[in-house]
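Right, one structure below, let's go through it.
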Amino acid sequence: MTAETKKLRVALGCDEAAYDMKQAMVEHVRSLGHEVEDFGTYDAEPVLYPDIAFAAAHAVKDGKVDRAILICGTGIGVAISANKVPGIRAAQAHDTYSAERARKSNDAQILTMGARVIGVELAKKIAESFLESEFSGGGSQAKVDRINEYERGLSSDSANG
1 MTAETKKLRV ALGCDEAAYD MKQAMVEHVR SLGHEVEDFG TYDAEPVLYP
51 DIAFAAAHAV KDGKVDRAIL ICGTGIGVAI SANKVPGIRA AQAHDTYSAE
101 RARKSNDAQI LTMGARVIGV ELAKKIAESF LESEFSGGGS QAKVDRINEY
151 ERGLSSDSAN G
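Residue numbering for the sequence shown follows full-length UniProt numbering, beginning at 1 and increasing consecutively.
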């Protein structure tokens, strides 16, 4: 962890397809100097990944953790699930640029990845990009505000969705 990188509380969760990758990510995120809260799964037995994604997303929303990294076979299912929690912006990324932009441009609090799509070493680099990046505001602030307004039903366009 660099001097300018703050220590984060990071939730990690996965389904059985991503158990091995999550285990490697737990150790890697800790090695970067961050705290980890492991939301499971804790073995390779089948689980319902939405339950894990919902729990991690609620931990982010409630301020119990700063960010989350969720992994399933493709990263799609956990992204869809986490995004059902109001106030959460989960972004799937399989490259470092997208992970960085998810934070800097979209203020995403949750990164999702697919264990059947990328390997562990790339996943580590993607997680680092996500954890080291901060929302830059600027021209993106109005866009994130608009997303939040729509979600809260405050937008005049929200009924026309």
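Ideal Cβ placement from N, Cα and C applies to all residues, glycine included.
Remember, predicted model here, so these are calculated numbers, not experimental data.
What is the DSSP secondary structure of residue i, counted as helix, strand or coil?
{"i": "glutamate 134", "result": "coil"}
{"i": "glycine 87", "result": "coil"}
Assign residue i to buried or exposed, taking buried as 16 or more other Cβ atoms, counted over all protein chains shown, within 10 Å of its Cβ.
{"i": "alanine 115", "result": "buried"}
{"i": "serine 158", "result": "With a pLDDT of only 46 at serine 158, under 50, the local geometry of the prediction cannot be trusted, and no value is derived from it."}
{"i": "alanine 123", "result": "buried"}
{"i": "tyrosine 97", "result": "exposed"}
{"i": "arginine 146", "result": "exposed"}
{"i": "aspartate 62", "result": "exposed"}
{"i": "serine 136", "result": "exposed"}
With distance defined between alpha-carbon atoms, name the residue in the options nearest to residue i.
{"i": "methionine 113", "options": "Phe54, Lys6, Ala90 and Ile147", "result": "Ala90"}
{"i": "serine 133", "options": "Gly139, Ala99, Ile52 and Gly153", "result": "Ala99"}
{"i": "alanine 17", "options": "Val120, Asp107, Gln109 and Tyr97", "result": "Val120"}
{"i": "valine 85", "options": "His34, Glu151 and Ser31", "result": "Glu151"}
{"i": "arginine 9", "options": "Phe39, Met21, Ala142 and Ala79", "result": "Phe39"}
{"i": "lysine 143", "options": "Val65, Phe130, Leu122 and Lys104", "result": "Lys104"}
{"i": "phenylalanine 54", "options": "Val47, Val78 and Pro46", "result": "Val78"}
{"i": "glutamine 141", "options": "Glu35, Lys125 and Ala108", "result": "Ala108"}
{"i": "glycine 153", "options": "Gly87, Ala93, Ile110 and Glu128", "result": "Gly87"}
Name the one or two DSSP bridge partners that residue i has.
{"i": "arginine 9", "result": "Glu35"}
{"i": "isoleucine 110", "result": "Ala68 and Ala90"}
What first and last residue would you give for the beta strand (DSSP E) that runs through residue i?
{"i": "isoleucine 69", "result": "67-72"}
Start and end of the alpha helix (DSSP H) containing residue i?
{"i": "isoleucine 76", "result": "76-82"}
{"i": "proline 50", "result": "49-61"}
{"i": "aspartate 145", "result": "141-152"}
{"i": "serine 98", "result": "96-104"}
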